[in-house]
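What follows is one structure encoded as structure tokens, with my remarks underneath.
2 protein chains.
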Amino acid sequence: MNRRPIRSAEVVSVGDELLLGVTANTNFTWLASLLAEAGVRVARETTVGDGEEEIRRAVDEAAARAPLVVVTGGLGVTPDDRTRQALADLAGVRLVPDPELLREMEVYYKDRRIRMPRINVSQASLPEGAGKIPNRIGLAPGLRMRIRRAEVFAFPGVPAEMKKLTEDGLLPFLRMRNGEAPIRQRMLRTWGIGENALAEKLRDFLARERPVSISFLPERGGVTLRFRLREGAKGEPEKILAEQTDRAAAILGDLVFSTGGEELEEVVAYLLLLRKRTVATAESCTGGRLADLLTAVPGSSAWFREGFIPYGADRKSGTLGVPEEVIREHGTVSARTAEELARRARAVAGADIGVGVTGVAGPESVEDQPVGRVFLALDSAAGTEVRRWDLPGSRERVKERAARSALDMIRRHLLAEREGKR
Amino acid sequence: MNRRPIRSAEVVSVGDELLLGVTANTNFTWLASLLAEAGVRVARETTVGDGEEEIRRAVDEAAARAPLVVVTGGLGVTPDDRTRQALADLAGVRLVPDPELLREMEVYYKDRRIRMPRINVSQASLPEGAGKIPNRIGLAPGLRMRIRRAEVFAFPGVPAEMKKLTEDGLLPFLRMRNGEAPIRQRMLRTWGIGENALAEKLRDFLARERPVSISFLPERGGVTLRFRLREGAKGEPEKILAEQTDRAAAILGDLVFSTGGEELEEVVAYLLLLRKRTVATAESCTGGRLADLLTAVPGSSAWFREGFIPYGADRKSGTLGVPEEVIREHGTVSARTAEELARRARAVAGADIGVGVTGVAGPESVEDQPVGRVFLALDSAAGTEVRRWDLPGSRERVKERAARSALDMIRRHLLAEREGKR
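Right under this line is the structure:
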């Protein structure tokens, strides 16, 4: 039996809907990230349609190149699902009826009071001799077989099933074969600074030769810095990674919001719990996105008091009672209105911190203010701060970035509080 | 010159970040959908890392199989970007400095007051004889060249640049070569019914032989039915598609919310404008998601009056004044509380329609109500309706599905209004 560790893999994704651009291949992104963490490099990914011949070719080519091939999709229990037949052909075996699978299908249809389609009996067949990974969510089991010299794992394309079967079948196999994967990368997540400006701040740091390679990954939740151990780096991996990320983090200061992969809203939730502070929000242009992000965190009812979305032109003076003369003199999109929103949200909800958001999400400008202009205010016992942003991009992007900038404002406020600045 | 229409293509995606699972390949999904609309079938997609050799191999293999190959990524102006060199090797030409590109790079860095890195001079080179597609957003131009017998287009991986260059360079080429693409598919979008139940409702319809093939695509915004014209179907494509989708739509009734691809929130916005109705929301468990979806639609300030998020246990009696005895007797997660939220949101905001949401997003249960239980209420001049849902899945899924079910409730209300039921 081959017992060498497996360090590289290929993935074959099966599905017409992927090639038609109807569905994004999020399965692959999930799988690739998981394999990277397990110390397995994905050398290539191939997407093909549902046809038996194209599946057979792609898997055959992948098995000729890589010691591990993971196939996702085309493994359901309908006649369109041709992966089973393609794999059987490649392994030179027949498809044989699987009594256990047939029984499970009967129970499945009976539970749902649906007559089992006749065609399904022939779908309850598996390649002879294939290892079966039980599917606890859906019907079709995962498969494990040898093709050429490669270990081939095949999973249904339904994301929840694919993930569960990977965790139940592929990960234990990799652990057995490779041992526990050493940590080879660490992340620093930042908010409020672009990729180029980050690189500029780290210029001296990046100029020196280091035992890690550093990538800049712009994502919706900010730019992430990924530190990966270089091949042949000397010393204990975890220690090197900690040392290098700590140095960069010291240079970047409070631009870094997370060193453990957490989202910005999770960091804010943690700090609010730690400092025993509560929050209320009054959002105009973000239309509830800020509250939605805050309440994405389990247990948020402990510190999120109340959200207000005074969206109609007259509603800012309504529930929250922003004085009409403030709006008349300064406009709904103004620093003063943002301040009033923050103060009144805090007062009405009886929260420690009030956040106010007003701006122009677009596509039309408002009161001669340009699209993307946003005022954020934070009110607490220490007083009121306000910031102006000019954010690029679509309506969706402006809402998202404004809401995350507001989260970051709460984070910075709570950090400063710890340091006794407030 | 080869003038035959191009009906199939392959795509090669280049980028370590894709194979590491750090970035989802949204470029491919966008490109595939666009090619499908243009009548070009994507036969295979291959993702490789940033290495020159792996790019060369993948493009060479693709060019041997398909008449059109689109390469995305590895085309920036840094030394890591190896696509240019790989393509030059495959075409058997040299990389030659491009004076125009060099000048643009100098201007780019000067405008940003950054010293141009020396290395970049060598990066301002292009494969000899390659067609250049000007990049109006970033630095690196798109390329068009012939490799084997295939037309190869290469674009940078930055999504905005890739999209613009595809529109500027690839689409005009396809139109010239193929003429205007005939419409070959139509969608019906549904909400509130699962894939299996949909298939059951359409059993008789699906049992007959038809000039279209029908796929069920479960997405976040509901299950979409895709009708695609079969090869060799006789008659005018648009007419056949309209006839078939109309028949299915008649069977499904108001489960179908869109026949033109619109999102649920866009349909609701359209109906609100049409009927001249305004909305206010009071959300507990969705925490602002419903308001966020409504305000995703440009111009929503015309009909979205105000949103309330009384999240803290005592806040439902606060701003909105839900009577404390209602909450004490029925609980915060109850039909009665949802009704009160809807009524009071409508009254306080002065809107035509009030929507109330209360439920258990999880992961913890509340007041002995199970995770996923949600009460939705809608209040209007015609009275108050309330519905109970038990939604499966994570906190995020419950929030999303509850918010979309509330949108659907508004849609159904407005449809019934038209039919004079109210």
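For the record, the sequence lines run as chains H and X.
Just so it is clear: in the first sequence, position 282 is 309 by the working numbering, and no numbers are missing.
Just so it is clear: in the second sequence, position 111 is 138 by the working numbering, and no numbers are missing.
Backbone N, C-alpha and C fix where the C-beta goes; we use that ideal spot for every residue, glycine too.
On a Cα-Cα basis, can you pick out the residue from the options that is closest to residue i?
i, options, result
"arginine 213/X", "Arg30/X, Leu95/X, Glu64/X", "Glu64/X"
"glutamate 333/X", "Glu351/X, Arg302/X, Val382/X, Ser344/X", "Val382/X"
"glutamate 81/H", "Val69/H, Gly103/H, Arg109/H", "Arg109/H"
"glutamine 112/X", "Pro94/X, Arg83/X, Val185/X, Arg34/X", "Arg83/X"
"asparagine 211/X", "Arg363/X, Leu62/X, Ala365/X, Thr411/X", "This sequence places arginine at residue 211/X; asparagine is not what is there. Closest option to arginine 211/X, Cα to Cα, is Leu62/X."
"glycine 288/X", "Leu317/X, Gly315/X, Gly249/X, Arg302/X", "Gly249/X"
"arginine 274/X", "Leu291/X, Pro264/X, Gly314/X, Phe232/X", "Phe232/X"
"valine 398/H", "Ala323/H, Leu47/H, Asp43/H, Thr385/H", "Thr385/H"
"arginine 414/H", "Val353/H, Ala365/H, Thr105/H, Glu423/H", "Ala365/H"
"arginine 238/X", "Thr73/X, Lys228/X, Ala226/X, Glu270/X", "It should be pointed out that residue 238/X corresponds to proline in this sequence rather than to arginine. When each option's Cα is compared against that of proline 238/X, the closest is Glu270/X."
"leucine 299/H", "Val324/H, Ala276/H, Ile278/H", "Val324/H"
"serine 361/X", "Ile380/X, Cys312/X, Ala59/X", "Cys312/X"
"alanine 177/X", "Val98/X, Glu290/X, Leu403/X", "Val98/X"
"leucine 197/X", "Glu351/X, Pro168/X, Ser240/X, Glu236/X", "Pro168/X"
For chain H, check one thing: does any of its Cβ atoms lie closer than 8 Å to the Cβ of residue i?
i, result
"alanine 409/X", "no"
"glycine 315/X", "yes"
"valine 39/X", "no"
"proline 390/X", "yes"
"alanine 365/X", "no"
"leucine 244/X", "yes"
"phenylalanine 254/X", "no"
"arginine 332/X", "yes"
"valine 49/X", "yes"
"lysine 272/X", "Correcting the residue identity first, residue 272/X is threonine in this sequence and not lysine. False, the Cβ-Cβ gap to chain H never drops below 8 Å."
"threonine 322/X", "yes"
"methionine 28/X", "Annotation note: pLDDT 48 at methionine 28/X (below 50); position unreliable, coordinate value reported separately. Not one chain H Cβ lies under 8 Å of methionine 28/X."
Within the 8 Å Cβ cut-off, does residue i reach chain X?
i, result
"serine 60/H", "yes"
"leucine 46/H", "yes"
"valine 69/H", "yes"
"glycine 221/H", "no"
"glycine 287/H", "no"
"asparagine 294/H", "According to the sequence displayed, residue 294/H carries valine and not asparagine. Answer no: the Cβ-Cβ gap between valine 294/H and chain X never drops below 8 Å."
"asparagine 52/H", "yes"
"proline 183/H", "no"
"threonine 217/H", "no"
"arginine 328/H", "Note that residue 328/H is serine in the sequence shown, not arginine. It does: the Cβ of serine 328/H has a partner Cβ on chain X nearer than 8 Å."
"alanine 151/H", "no"
"threonine 56/H", "yes"
"proline 325/H", "yes"
"alanine 63/H", "yes"
"aspartate 406/H", "no"
"aspartate 231/H", "no"
"aspartate 319/H", "yes"
"arginine 449/H", "Low per-residue confidence applies at arginine 449/H: pLDDT is 49, beneath 50, and the placement is therefore not dependable enough to give any value."
Just checking: is the beta-carbon of residue i within a distance shorter than 8 Å of some beta-carbon in chain C?
i, result
"glutamate 394/X", "Judged by its chain identifiers, the structure shown contains no chain C, and its protein chains are H and X."
Can you give the beta carbon distance from residue i to residue j, rounded, assuming they're within the 8 Å contact cut?
i, j, result
"glutamate 155/X", "alanine 89/X", "22 Å between Cβ atoms; not a contact."
"glutamate 91/H", "serine 35/H", "Here the sequence assigns alanine to residue 91/H, which means glutamate is not the residue at that position. 13 Å between Cβ atoms; not a contact."
"arginine 255/H", "isoleucine 33/H", "Not really, about 19 Å apart at Cβ, beyond 8 Å."
"glycine 221/H", "leucine 282/H", "Between leucine 282/H and glycine 221/H the Cβ distance is about 11 Å, and since that is not below 8 Å, they are no contact."
"leucine 244/H", "valine 49/X", "5 Å"
Any heavy atom of the ligand GTP closer than 7 Å to the Cβ of residue i?
i, result
"leucine 153/X", "Questions concerning the ligand GTP fall outside what the structure shown contains, since it holds no ligand whatsoever."
| request: Identify each residue in the stretch 416 to 437 of chain X for which the Cβ-Cβ distance to at least one residue of chain H is less than 7 Å, and report them in chain order. | output: Taking 7 Å as the Cβ-Cβ cut-off against chain H, the residues of the stretch 416 to 437 of chain X that qualify are Arg422, Glu423.
| request: Check distances from the C-beta atoms of the stretch 335 to 348 of chain H to those of chain X and list, in chain order, the residues that come in under 8 Å. | output: Within the stretch 335 to 348 of chain H, the qualifying residues are Phe335, Ile336, Pro337, Tyr338, Gly339, Ala340, Arg342, Gly345, Thr346.
| Can we say the stretch 258 to 271 of chain H touches the stretch 304 to 311 of chain H, given the rule of at least three CB pairs closer than 8 Å? | By the Cβ criterion, the stretch 258 to 271 of chain H is not in contact with the stretch 304 to 311 of chain H, since fewer than three pairs of Cβ atoms, one from each stretch, lie closer than 8 Å.
| said: With three or more C-beta pairs closer than 8 Å as the rule, is the stretch 160 to 170 of chain H touching the stretch 192 to 205 of chain H? | reply: Between the stretch 192 to 205 of chain H and the stretch 160 to 170 of chain H, the count of Cβ pairs shorter than 8 Å is three or higher; the stretches touch.
| task | Please determine if the stretch 390 to 398 of chain H and the stretch 366 to 376 of chain H are in contact, where contact requires at least 3 C-beta pairs separated by less than 8 Å. | result | Touching, no, given that fewer than three Cβ pairs across the two stretches are closer than 8 Å.
| When you check each C-beta in the stretch 72 to 86 of chain X against every C-beta of chain H, which residues fall closer than 8 Å? | Residues of the stretch 72 to 86 of chain X with a Cβ closer than 8 Å to any Cβ of chain H, in chain order: Glu72, Thr73, Thr74, Val75, Gly76, Glu81, Ala85.
| request: Using a Cβ-Cβ cut-off of less than 7 Å, give me the residues of the stretch 84 to 115 of chain H that come near chain X, in sequence order. | output: Cβ contacts with chain X come from no residue of the stretch 84 to 115 of chain H.
| message | Please list, in chain order, the residues of the stretch 354 to 384 of chain H that have any C-beta partner in chain X closer than 9 Å. | response | The stretch 354 to 384 of chain H vs chain X, Cβ under 9 Å: Val375, Ala376, Gly377, Ala378.
| task | Examine the Cβ distances between the stretch 312 to 332 of chain X and the stretch 326 to 342 of chain H and report whether three or more of them are shorter than 8 Å. | result | Yes, they touch.
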